[in-house]
Amino acid sequence: MPSAVPAAAPAVAKAIPPQEVLAMTLWAEAGTCPVRAIEALAATIMNRVRLAESGAATHWGKDLAAVCRAPFQFSCWNRNHLRHLLMLSIPPGDAGMAICRRIAARAASGTLMDPTSGATHAHHGSELPPWAIGQAPVDEIGGMLFYRLAGR
Numbered sequence: 001m002p003s004a005v006p007a008a009a010p011a012v013a014k015a016i017p018p019q020e021v022l023a024m025t026l027w028a029e030a031g032t033c034p035v036r037a038i039e040a041l042a043a044t045i046m047n048r049v050r051l052a053e054s055g056a057a058t059h060w061g062k063d064l065a066a067v068c069r070a071p072f073q074f075s076c077w078n079r080n081h082l083r084h085l086l087m088l089s090i091p092p093g094d095a096g097m098a099i100c101r102r103i104a105a106r107a108a109s110g111t112l113m114d115p116t117s118g119a120t121h122a123h124h125g126s127e128l129p130p131w132a133i134g135q136a137p138v139d140e141i142g143g144m145l146f147y148r149l150a151g152r
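Here the sequence shown is numbered in the UniProt record's numbering, starting from 1 and rising by one per residue.
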């Protein structure tokens with residue numbers, strides 16, 4: 001009898017190139033936001049990658065793909081979240097995904113400027129995750145709030 005979740009699913013996810021993992025994360029987490037917000041989220045993720053690569057914060061993982069997929073960080077990588085299901089069914093030729101891929105390429109190559117003043121966390125302005133309570137955002141860009149919380 002087939003299982004509900006194929007045994008190969010984790011291996012398939014690991015086979016995705018890191019830059020594509022970033023693009024998928026951007027699409028699922030901010031793809032409906034203005035381009036500036038998507039760029040800011042990409043910069044935020046890259047700030048985490050730099051901290052991880054320097055050894056200053058390895059709890060998010062040690063490379064781009066691991067930072068995007070770190071547990072409890074981006075809901076689109078939580079198998080039980082609607083964003084995960086949407087992310088796994090991005091239609092071919094999706095214009096938003098094309099934008100996210102271009103932004104991911106710039107971020108991964110180091111040519112994307114950081115408009116967030118070094119932010120390490122972000123959320124949509126319509127949400128208030130527990131970690132943001134009592135924290136002051138460093139910026140608001142395209143309906144998203146950005147925070148510099150390196151120790152979390």
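Even glycine gets a Cβ: it sits at the ideal position worked out from N, Cα and C.
The region 137 to 149 and the region 38 to 48 touch, with no fewer than 3 CB-CB distances between them shorter than 8 Å.
In the DSSP assignment, A122 is bridged to F146. C-alpha of A40 to C-alpha of C100: approximately 12 Å in a straight line.
Looking from the CA of Q73, the closest CA among A122, A15 and T111 belongs to A122. Straight-line measurement puts the Cα of H59 at about 19 Å from the Cα of P129. Between L88 and the set R79, D114 and A65, the nearest pair of CA atoms involves R79. Per DSSP, I133 lies in no beta strand (DSSP E) and is assigned neither H nor E. Close CB contacts of A104 within its chain, under the 8 Å cut and outside five residues either way in sequence, are with Q19, E20, L22, A23, L26 and A42 (chain order).
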